[in-house]
Every structure is written in structure tokens, then in C-alpha cells.
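So the sequences go chain by chain: B and V. Last residue of the first sequence? That's 237 in the numbering used here, and every number before it is there in order. Last residue of the second sequence? That's 340 in the numbering used here, and every number before it is there in order. Note that CB positions come from ideal geometry on N, CA and C, so glycine has one too. Everything numeric in this text was worked out from a predicted model, so none of it was measured.
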Amino acid sequence: MLLGEIKDVVRQQFGKIGWPTNMIDFALASARRDIEKNSEGGYYWMRATKTWNAVATQQSYSITTSASNGLNLPNFKDVRAIRVKESTSTIWSDVSVGEVTLEEAETMYSTTETTMPALAIIDNTTLTLFPIPDAAYNFKMWHYEWTTNPTSNTATADELCTRFPEALIYGALVWGADQYNHDSQEADRWAAKLREQRALIHRHSLERERQDRITLYPMSGPYDGRRRTSMGRQVWV
Amino acid sequence: MADEVIYKHVNAESKHTVDFTDELPDDSSISGASTVTAVDSGDTAASSVVGTVSQSGMSLSAILQAGTDGEDYLVTFTGRGTTTSRDAIKTVEMRVRNKTGVI
Chain B
1 MLLGEIKDVV RQQFGKIGWP TNMIDFALAS ARRDIEKNSE GGYYWMRATK TWNAVATQQS
61 YSITTSASNG LNLPNFKDVR AIRVKESTST IWSDVSVGEV TLEEAETMYS TTETTMPALA
121 IIDNTTLTLF PIPDAAYNFK MWHYEWTTNP TSNTATADEL CTRFPEALIY GALVWGADQY
181 NHDSQEADRW AAKLREQRAL IHRHSLERER QDRITLYPMS GPYDGRRRTS MGRQVWV
Chain V
238 MADEVIYKHV NAESKHTVDF TDELPDDSSI SGASTVTAVD SGDTAASSVV GTVSQSGMSL
298 SAILQAGTDG EDYLVTFTGR GTTTSRDAIK TVEMRVRNKT GVI
């Protein structure tokens, strides 16, 4: 369905002119957030990639802004994987992420150690690399981003609108019944319908995740001598 | 929110009139600087849905026309008082639907 059609269905529940359009926009935005908040990590339509170059001697980068060579991903939700390579190389190497915390990482590396990073820490909205990069390495990150409803009624390229419009409709009706009409009983009724849709989305996304799973094999061995990190201990290669 | 909501068929043309008597009590007419503009649901200017604009006394009229099926247009009527040069604004949400029924 198009966003405009979804709006019309929601309007129909409250009378075609009974509910202002800006309130419906709020309700549909709330519905999308509600759906995406309940994903574990993210759903398939939230997948995205980002490539960027590290800056020699710069250890930390803003994820959500472009300040100081930041990644400028204001809708960043969660990371899936990070890879790194030298700018002249054609082979990506694995960067460990999500396995240790910043405070743990700081005890594992000296404050002056520079080489190709092997560990990335996402702490709030900052990405910190260990060791500190000594050159402009190429980075690639696979991640999930929060998405927003199309701005236009007639936009056609939104997966949630196209495949799971009922979820948006029920989510908007939950918001509308609860926040606008103050009818908690009606809100509960739509919430139950929304849960059914969430289960369908979750199941479909898991199937997609399994089928589309990308297995990346980091280059390692005698030609790529560098330190790697595993949970809880340092491994020297 | 819009002051008024109207539904129209893509091929329909209708004259819509807004009266600014209550909003501009110190004026007896609105000037030629009064305007009617429109944006679509993506907030993009949609001048093609506004036809001929005219003023008479405190009333501002525009022919509302065409549009894209499924779109919601926010039409903004801005009346400028001839004496006070104050602007008053009223908005009309025009929903273009070819298959809609009665409200």
C-alpha cells in the first residue's frame, strides 16, 4: 500500500475529517518506531552499509554526526560488522566489534599504540578504534538504521508500507486510540492486532536473515601479521 | 491542522472562497498582494493545483484543480488587509481521490 492509502484506512476509523493529518503523521511515525524498537538488532529493511576512511592518529569518531571526520549516520541503530583494509589492499579484514566494552579495551591497548585497528568499540554514539590507526585505512560497516515513513503519500519504495501495511495501520490506531481519543480499551484491541503483525514481521525477517547471511572470511596468516582480539584475552599473531 | 478539508476528483475543478472578515477587522478589503499557494504531502510546492486567484472585498478565491490521485495538498490562503497590510492565513487540506465515497 502507499502511505496515502494507509492514512486513508487510519482516517476511516476516526471519520475522514475527524483526525488532523499531522496527528496521523505522528501516529504513523510512532507505529514505525514501535515496530523497529521491538526488533532484535534490526529488521532486513533497516540494513545499511557505510564506508569511510580512518584518519591517522585519530582514535574516536562520532557515529551520528560529521564533526571531526564523523560517520554522519544520524539514524544509526546497531552495528552488524566492521571490516578494515589498507587503502592499497583489495582484501577486507575483520574488526572485532561488540565483544568488549570501552573500559575493557582501554586496559588491553596502550594509549600510544598505533597500527591497523583490530577492535572497534561503540560507546553511546562514538566509535573508538584500537589500536589507534597509523594511516588512512578504509573501513566498511554493516549496520541497522532507524527508518522513517516516506514523506510523500505516493512514494512506492518503502518495504514496511508495501509488505506490512497492516502493522503500520494497527500501530497508528494504537497511538490514536490511546493518545488522541484516550480510549485505552480500544488501544488494547489494536495493540493485540499489532502484536500479531510484529510476529509475522519478526518471522519473515529471521527467514531473510538466514537466507541472506553473508559470511566474510577475514584475511589472516603470514601476510597479514597483526594482533587480533578475542573475548577476554589477547591473541598475538 | 487545516481549517477545512475537502475531497475532490482529479478532473474536478472548484472555486474555493475564504473570508477574512473576522481575522482582519480593521480592513474593509484585501489587497492584490493576497496569495494562494499549495504544497503536496511531501511539502513540495504544487502550484499546478491552484488556478485563477481573485479577491472581492474581504474574500479570497481560488480555483482548485487537477492534482494526483491519492495526494493530500495543503492549500494556504493568505489575505493581506488593504489598510493595515496585516496578513491572515487560512488553510484548506485538499485530498484528491478518484474513488472516495461521501464522508
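C-alpha gap between residue i and residue j, whole angstroms
{"i": "B:Y109", "j": "B:I121", "result": "13 Å"}
{"i": "B:A105", "j": "B:T126", "result": "14 Å"}
{"i": "B:V237", "j": "B:A118", "result": "Because B:V237 carries a pLDDT of 48, less than 50, the predicted location of this residue cannot be relied on, and no value is offered for it."}
{"i": "B:A155", "j": "B:T57", "result": "44 Å"}
{"i": "V:E308", "j": "V:H246", "result": "11 Å"}
{"i": "V:K252", "j": "V:T258", "result": "19 Å"}
{"i": "V:S285", "j": "B:P20", "result": "24 Å"}
{"i": "V:G279", "j": "B:I17", "result": "20 Å"}
{"i": "V:V329", "j": "V:V290", "result": "15 Å"}
{"i": "V:R323", "j": "V:L261", "result": "7 Å"}
{"i": "B:D224", "j": "B:N124", "result": "With a pLDDT of only 49 at B:D224, under the threshold of 50, the placement of this residue in the model should not be trusted; the figure read from the coordinates follows. Near 31 Å, if we compare the C-alpha coordinates of B:N124 and B:D224."}
{"i": "V:V287", "j": "V:V242", "result": "16 Å"}
{"i": "B:L3", "j": "B:Q13", "result": "16 Å"}
{"i": "B:N69", "j": "B:I91", "result": "24 Å"}
{"i": "B:T115", "j": "B:G98", "result": "20 Å"}
{"i": "B:L173", "j": "B:V10", "result": "7 Å"}
{"i": "B:W45", "j": "B:I201", "result": "11 Å"}
{"i": "B:T107", "j": "B:Y137", "result": "24 Å"}
{"i": "B:E159", "j": "V:T320", "result": "53 Å"}
{"i": "B:S62", "j": "B:K7", "result": "36 Å"}
{"i": "B:P74", "j": "B:S66", "result": "9 Å"}
{"i": "B:E40", "j": "B:V79", "result": "12 Å"}
{"i": "B:M1", "j": "V:D264", "result": "48 Å"}
{"i": "V:G269", "j": "V:I300", "result": "16 Å"}
{"i": "V:Q292", "j": "B:N22", "result": "30 Å"}
{"i": "B:E36", "j": "B:A192", "result": "17 Å"}
{"i": "B:K50", "j": "V:T337", "result": "43 Å"}
Where residue i falls, given that 16 or more other Cβ within 10 Å makes a residue buried
{"i": "B:T101", "result": "exposed"}
{"i": "B:S87", "result": "exposed"}
{"i": "B:D188", "result": "exposed"}
{"i": "B:R203", "result": "exposed"}
{"i": "B:L206", "result": "exposed"}
{"i": "B:A54", "result": "buried"}
{"i": "B:H143", "result": "buried"}
{"i": "V:M238", "result": "exposed"}
{"i": "B:G232", "result": "Here the model assigns B:G232 a pLDDT of 49, short of 50, so the residue's position is not dependable, and the following value carries that caveat. The residue in question, B:G232, is exposed, as its Cβ has fewer than 16 Cβ neighbours within 10 Å."}
{"i": "B:D183", "result": "exposed"}
{"i": "B:P150", "result": "buried"}
{"i": "B:P133", "result": "buried"}
{"i": "V:A249", "result": "exposed"}
{"i": "V:N335", "result": "exposed"}
{"i": "B:N153", "result": "buried"}
{"i": "V:G294", "result": "exposed"}
{"i": "V:Q302", "result": "buried"}
{"i": "B:I24", "result": "buried"}
{"i": "V:A325", "result": "buried"}
As assigned by DSSP and simplified to three states, the class of residue i
{"i": "B:K37", "result": "helix"}
{"i": "V:A239", "result": "coil"}
{"i": "V:F257", "result": "coil"}
{"i": "V:M295", "result": "coil"}
{"i": "V:T315", "result": "strand"}
{"i": "B:I91", "result": "coil"}
{"i": "V:Y310", "result": "strand"}
{"i": "B:T107", "result": "helix"}
{"i": "V:K336", "result": "coil"}
{"i": "B:L119", "result": "strand"}
{"i": "B:Y137", "result": "coil"}
{"i": "B:L127", "result": "strand"}
{"i": "B:V55", "result": "coil"}
{"i": "B:S184", "result": "helix"}
Distance between beta carbons of residue j and residue i, contact taken as under 8 Å
{"i": "B:V84", "j": "B:F139", "result": "5 Å"}
{"i": "B:S148", "j": "B:R47", "result": "What sits at residue 148 of chain B in the sequence shown is Thr, not Ser. No, B:T148 and B:R47 are not in contact; Cβ-Cβ is about 15 Å, not under 8 Å."}
{"i": "V:R317", "j": "V:S271", "result": "5 Å"}
{"i": "B:F76", "j": "B:E145", "result": "6 Å"}
{"i": "B:W52", "j": "B:L71", "result": "6 Å"}
{"i": "V:A283", "j": "V:Y244", "result": "No, V:A283 and V:Y244 are not in contact; Cβ-Cβ is about 16 Å, not under 8 Å."}
{"i": "B:E166", "j": "B:Q197", "result": "5 Å"}
Beta carbon proximity, residue i to chain C, threshold 8 Å
{"i": "V:V242", "result": "Of the protein chains in the structure, B and V, none is chain C."}
Fill in: 4 or more residues per run - each alpha helix (DSSP H) lying fully within the stretch 1-31 of chain B
3-14
Worksheet item: Which runs of the alpha helix (DSSP H) fall wholly inside the stretch 140-181 of chain B and span at least 4 residues, in chain order?
Response: 159-163, 165-175
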